[in-house]
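Student: One structure, as structure tokens, below. Some questions next.
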Amino acid sequence: MLRRQKTILALLSEARQPLARTVLVKHAFLLSQETDVGSDPVFYDFVPYKFGPFSFALYRELEALQRDGYIAFENDRILLSPDMLRPSLDKVAELSGAVLSSVRSIAKQYGRLRQNALLKDVYRRYPRYASKSERKDLQASPCPKPKVAPPAVYTAGYQQKSADGFFDDLLKTGIRVIVDVRSNPVSRKYGFARSSMAGIAQKLDLAYVHLPSLGIPSQARAGLGSKTSYKRLLDAYERNTLPKRTPDIGRLAQQMQHTPCVLVCMERDVECCHRSRLATAVSRVNGLPVRHL
């Protein structure tokens with residue numbers, strides 16, 4: 071079991087009562103913002119959503135914890151499964167003293183707040199995460215409007231990022247359209263296969279477009295390792311592929327003049343990714359600067 075999942079069990083244990091899903095998510099968010107748990111690179115990231123800060127990964131893993139018998143649902147409330155209480159507490163006991171202390175501090179400070187009071191407090195102190203909330207009555211006034219990125223040719227790689235962290239970075243920047251330029255948009259990592267990326271984007275009011283013609287086929291990427299091998303591949307892509315994609319590049323360049331779009335691929339290092347060469351080609355057409363996120 072992942073450390074972050076054990077931490078969720080700890081939050082439920084410390085609450086000593088069933089928690090509404092929304093409340094549990096907010097407790098996890100506050101844990102990430104106000105304790106050292108937030109410095110754990112594998113803990114949950116959050117995005118602005120219907121009821122404030124939200125984690126798609128957390129919701130997904132709640133389903134896994136339920137499937138494995140550790141938690142149970144009573145209507146919209148979650149509790150440690152009575153049939154698996156001892157194994158759940160054993161998992162909690164595997165956490166460090168520092169993590170357990172952080173969990174206790176969040177439970178002590180926020181555990182007595184009813185859901186509306188908790189949401190109102192979170193919205194007041196973390197207003198950006200309230201920007202998409204359906205509970206307008208609880209928002210601080212005025213609530214900050216979503217940012218719109220200035221015109222540029224943006225690119226981003228999702229390697230070493232969680233889905234929630236990746237999407238939150240795009241929202242903070244003010245991106246409106248994700249342009250997936252992978253030839254084969256599959257991923258074992260949650261949130262980055264084509265269907266799941268498109269689904270999360272839609273829920274966050276982002277458009278998703280897949281342009282496989284601007285990617286590099288998987289078979290051409292076999293054997294890559296050194297910077298020299300990547301450069302050889304990208305030189306060939308720039309020399310042989312991009313000249314054949316002039317219409318696609320032209321349409322993309324035009325769209326980027328009016329709407330903040332980001333070219334998305336996997337690699338963290340832009341020098342090892344074809345999106346760098348594609349961005350340069352688009353920039354030559356529309357004259358916009360290239361910005362690697």
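Note that the sequence shown covers residues 71 to 363 in this note's numbering. Using N, Cα and C, we set each Cβ at its ideal position, and we do this for glycine too.
1. Taking just the CA atoms, how far does Phe126 sit from His344?
2. Taking the CB atoms as reference points, tell me whether Pro123 and Tyr199 lie closer together than 8 angstroms.
3. Quick one: complete beta strand (DSSP E) runs, 3+ long, within the region 195–252?
4. Drop a sphere of 10 angstroms on the beta-carbon of Lys190, count the other beta-carbons inside from all chains shown, and report buried for 16 or more, exposed for fewer.
5. Pull the bridge partners of Pro118 from the DSSP assignment, please.
6. Only counting the same chain, and skipping five residues up and downstream in sequence, which positions put a Cβ closer than 6 angstroms to that of Ile176?
7. Output the boundary residues of the beta strand (DSSP E) element that contains Phe143.
8. Using the three-state DSSP reduction, which class does Val256 fall into: helix, strand or coil?
9. Which residues in the same chain have their Cβ closer than 8 angstroms to the Cβ of Asn356, if we skip the five residues on either side of it in sequence?
10. Would Ala80 and Leu170 be called neighbours here (beta carbons separated by less than 8 angstroms)?
11. Leaving aside the five residues before and after Arg246 along the sequence, list all residues of the same chain whose C-beta is less than 6 angstroms from its C-beta, in chain order.
12. Excluding the five sequence neighbours on either side, which residues of its own chain have a C-beta within less than 8 angstroms of the C-beta of Met336, listed in chain order?
13. Gln179: buried (16+ other C-beta within 10 angstroms of its C-beta) or exposed?
14. Report yes or no: do the region 158–165 and the region 72–87 share at least 3 C-beta pairs separated by less than 8 angstroms?
15. Are the beta-carbon atoms of Leu284 and Phe237 separated by less than 8 angstroms?
16. CB Gln185 to CB Val93, shorter than 8 angstroms?
17. With DSSP as the reference, label Arg91 as helix, strand or coil.
Tutor: The answer reads as follows:
1. Start at 1 with the first residue of the sequence shown, and residue 344 comes out as number 274. Start at 1 with the first residue of the sequence shown, and residue 126 comes out as number 56. About 29 angstroms.
2. Position 53 of the sequence shown, counted from the start, is the residue given in the question as residue 123. Position 129 of the sequence shown, counted from the start, is the residue given in the question as residue 199. Yes, these two residues count as a Cβ contact at 8 angstroms.
3. Every beta strand (DSSP E) of 3 residues or more that sits fully in the region 195–252 is shown, in chain order, as 223–227, 247–250.
4. Along the sequence shown, read from residue 1 onward, the residue named residue 190 stands at position 120. When all chains shown are included, Lys190 counts as buried.
5. Residue 118 sits at position 48 when you count from the first residue of the sequence shown. DSSP lists Pro123 as partners of Pro118.
6. Translated into the one-based positions of the sequence shown, residue 176 becomes position 106. If we look at Ile176 and ignore the five residues flanking it on each side, its Cβ neighbours are His97, Leu100, Leu101.
7. Position 73 of the sequence shown holds residue 143. Its beta strand (DSSP E) spans residues 141–144.
8. Residue numbering aside, residue 256 sits at position 186 when the sequence shown is read from its first letter. Reduced to three states, the DSSP call for Val256 is coil.
9. Taking the sequence shown and counting its residues from 1, the one referred to as residue 356 is at position 286. Excluding five sequence positions before and after Asn356, the CB atoms of its chain that fall closer than 8 angstroms to its own CB belong to Val223, Ala323, Gln324, Met326, Gln327, given in chain order.
10. As a first step, residue 80 is located in the sequence shown; it is residue number 10 there, counting from the start. As a first step, residue 170 is located in the sequence shown; it is residue number 100 there, counting from the start. If you check the CB distance, Ala80 and Leu170 come in under 8 angstroms.
11. Position 176 of the sequence shown holds residue 246. Cβ within range, chain order: Thr329, Pro330.
12. For this step, residue 336 is matched to residue 266 along the sequence shown. Cβ neighbours of Met336 beyond the five flanking positions: Gly227, Tyr228, Gln229, Arg252, Ser257, Phe262, Cys343.
13. The sequence position of residue 179 within the sequence shown is 109, counting from 1. Counting Cβ neighbours within 10 Å, Gln179 comes out exposed, since fewer than 16 surround it.
14. Put simply, the region 158–165 touches the region 72–87. At least three CB pairs are less than 8 angstroms apart.
15. The residue given as residue 284 occupies position 214 in the sequence shown. The residue given as residue 237 occupies position 167 in the sequence shown. No, these two residues do not count as a Cβ contact at 8 angstroms.
16. Walking along the sequence shown from the start, residue 185 turns up at place 115. Walking along the sequence shown from the start, residue 93 turns up at place 23. Closer than 8 angstroms, so yes.
17. Here residue 91 corresponds to residue number 21 of the sequence shown, with the count starting at 1. Reduced to three states, the DSSP call for Arg91 is helix.
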